[in-house]
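Novice:
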Amino acid sequence: MDLDRQFLSAHLETPVIENVKYRYSMYYTTELGHHPQGFFSFKYSDANGAERRSAATAFQPTYARRAFPCFDEPALKATFNISLARQTNMTAISNMPLRSTKRMTKWPVQYVMRGTILKSDFQCLQADTNKIWARKEVLHEAKYALDITSSVCKFFEEYFNISYPLPKLDVIALPSSNMMAFEAWGTIIGYS
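For the sequence shown, full-length UniProt numbering assigns the number 1 to the initial residue and increments by one for each residue that follows.
1. Helix, strand or coil: how does DSSP classify D121 here?
2. I'd like the list of long-range same chain contacts for D72, defined as Cβ closer than 7 Å, with 5 residues on each side in sequence excluded.
3. Please classify E157: does DSSP put it in a helix, a strand, or coil?
4. Roughly how many whole angstroms lie between the Cα atoms of L118 and H11?
5. Can you list, in chain order, the residues of its chain with a C-beta nearer than 6 Å to that of Y44? Leave out the 5 residues immediately preceding and following it.
6. Assuming L174 is part of the beta strand (DSSP E), what are its boundary residues?
7. Determine whether the beta carbon atoms of T187 and N95 lie at a separation below 8 Å.
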C-alpha cells in the first residue's frame with residue numbers, strides 16, 4: 001500500500017493474460033469523513049433547530065478512492081452497480097434511478113469522478129423526469145429552479161435535435177456552501 005499516492009498494488013501469482021476477464025474480490029472498510037472528499041457526512045438544522053444528518057459524495061478529481069476501491073484517474077471510465085443501505089425516512093439518490101429499495105440502476109459508462117450518491121431526508125418537486133431535491137424548509141423556493149430546469153432541458157433537446165439520454169435528472173440543493181457545486185450524469189448538485 002502506497003499511502004502517499006493512495007495506491008494499492010496487487011501482486012498476482014501468475015501473469016495476467018490479455019483479453020481474459022478477471023474478478024478481484026476484497027473486503028474494504030472506510031469511515032464517512034466530514035470534509036467534502038469521497039463519501040462524507042454533513043449536518044444542518046431543520047426549521048425547528050433540530051440537527052439533521054445526511055451523506056453525499058464528492059469524487060472530483062480523485063476522491064472516489066476514499067469511498068471505495070477503484071481506478072479514479074480522470075482519464076478512465078467505468079460502470080458501477082451501487083447499493084446503499086438507508087433508514088426508511090431517508091432517500092437515496094444517485095446518477096441513475098432506484099431499481100429497488102436500496103439498489104440503483106447501473107451507472108452508464110462514465111468517469112468515476114462524475115459519480116454521485118446522496119442519502120438524505122430531502123423532499124422533491126417533480127415535473128416529468130426532472131426533480132429538485134431540497135430540505136423541507138426551503139422546498140417552496142425550488143419551484144423556480146424546477147421551471148428553469150425543465151425549460152432549459154426542453155430548449156437544448158429542440159436546439160440540438162436530440163433527446164435527453166438518461167431516464168431522469170435530479171437537481172440537489174445542499175444546505176452548505178463549503179463545497180464546490182458540480183454536475184454529473186443525471187445529477188446536478190448546488191446549494192440552497
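All C-beta atoms, glycine included, are put in the ideal place defined by N, C-alpha and C.
Specialist: Taking the geometry as given:
1. Three-state result, D121: coil.
2. Apart from sequence neighbours up to five positions away, the residues of its chain that approach D72 with a beta-carbon distance below 7 Å are F59, T62, A64, R65, V112 and M113, ordered along the chain.
3. Of the three classes helix, strand and coil, the one that applies to E157 here is helix, per DSSP.
4. Their backbone Cα atoms lie some 35 Å apart in a straight line.
5. Excluding residues within five positions, the ones whose Cβ falls inside 6 Å are R52 and P175.
6. Here the beta strand (DSSP E) through L174 covers L169 to L174.
7. Yes. Within cutoff.
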